[in-house]
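Undergrad:
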Amino acid sequence: MAEAQCVLDQVVGCNQLPRHEGRSHLAYIDAIVSETLRWRPTIGWDESVFGPGVDSFVPERWLSDSKDDTDGYARKLKNLPHLGFGFGQRMCTERHIARNGPFIIAARLLWAFNIEAAVPSDTPNEGAGRSEQQRAEAFYERLLDETASDSGLTSRPHNFKVVFRPRVPWVRELLAKHAGEDENVDLVALLDQAAAATSEKAGNA
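If you're matching positions, the sequence shown starts at -18 in my numbering and goes up one per residue.
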């Protein structure tokens, strides 16, 4: 989370929310979304394609080593398969829609908040002298256990609680100021731009 927030602070700054127009400079956020889609389904665990440690959450596996000389944050995404969208002619035609939502949600949540695991009130204090933070860290480790999810036709984590803490005092004011600003966005044009950008990234990878 710290790496993503560092990129957002450098690219977006503190006076505006992340926007789709800045996506080409936020490849790390795209990598987080791609890794989230890959992580749990077993079809995304091919080491010959995704590299070692496929059972670990590693957004960097989606990033190429090359960077734009004029902008250190304009990294390129590798042309790795998004297996959840199918293959060839049967590939999901609305995959760009499916990726645009998670991208902007992830970018804005990480820009605005520090996200922490919340320890349930009924969680026992295992071990004498353990602090609340130590209990939270232990609980978080259990959440990341590969068995802490339902497997079947779809895979989803067991229910858990988190705490969203504004990173700076003025986050609430800025979020309220920009609430609803995307209602007048030309979604068709936005999707066309996203499709073109995705094709260009894949061709350059």
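Every residue gets a Cβ at the ideal spot worked out from N, C-alpha and C, and that includes glycine.
These numbers were taken from a predicted model, which means no experiment stands behind them.
Taking the alpha helix (DSSP H) that Ala197 falls in, what are its first and last residues?
TA: The structure shown has nothing for residue 197, since the chain only spans -18 to 186.
Undergrad: Pick out whichever of Gln115, Lys57 and Arg76 has its Cα sitting closest to the Cα of Leu64.
TA: Arg76
Undergrad: If you run the structure through DSSP and keep just helix, strand and coil, what is Asp50?
TA: Here Asp50 scores only 45 on pLDDT, less than 50, and its place in the model should not be relied on; the value that follows carries that caveat. Coil.
Undergrad: In whole angstroms, give me the CA-to-CA distance for Leu(-11) and Phe68.
TA: 32 Å
Undergrad: Let me know the secondary structure DSSP gives Phe141 once reduced to three states.
TA: coil
Undergrad: Sorted by chain position, which residues of the same chain lie with C-beta nearer than 7 Å to Phe84's C-beta, five sequence neighbours on each side aside?
TA: Arg4, Ile10, Asp11 and Val14
Undergrad: Apart from the five residues on each side of it in sequence, which residues of its chain come closer than 7 Å, Cβ to Cβ, to Ala93?
TA: Pro147, Arg148, Val152 and Leu156
Undergrad: Looking at the structure shown, is Phe31 part of a helix, part of a strand, or coil, going by DSSP?
TA: helix
Undergrad: Any idea if Arg42 is buried or exposed, counting beta-carbon neighbours within 10 angstroms, 16 or more meaning buried?
TA: Its Cβ being crowded by 16 or more others within 10 Å, Arg42 is buried.
Undergrad: Out of Thr17, Val39 and Ala88, state which residue places its alpha-carbon closest to the alpha-carbon of Glu2.
TA: Ala88
Undergrad: Going by DSSP in three states, Phe68 sits in which element: helix, strand or coil?
TA: coil
Undergrad: Flag this pair as yes or no: are the beta carbons of Lys59 and Ser45 separated by less than 7 Å?
TA: In this structure, Ser45 lies closer than 7 Å to Lys59 by Cβ.
Undergrad: When DSSP labels each residue in this structure, what does Phe94 get in the three-state scheme?
TA: strand
Undergrad: Just the Cα atoms here: how many angstroms apart are Pro62 and Phe145?
TA: 32 Å
Undergrad: Taking the alpha carbon of His6 as the point to measure from, which residue in Arg137, Asn95, Gln(-9) and Phe141 has its own alpha carbon closest?
TA: When only C-alpha atoms are compared, the closest one is Gln(-9).
Undergrad: Compare the beta carbon distance of Leu91 and Gln(-14) with 7 Å and say whether it is the shorter of the two.
TA: Yes; because the gap between Cβ atoms is below 7 Å, this pair is in contact.
Undergrad: Quick one, which of Glu16, Ser112 and Phe120 has its alpha-carbon nearest Pro40's?
TA: Glu16
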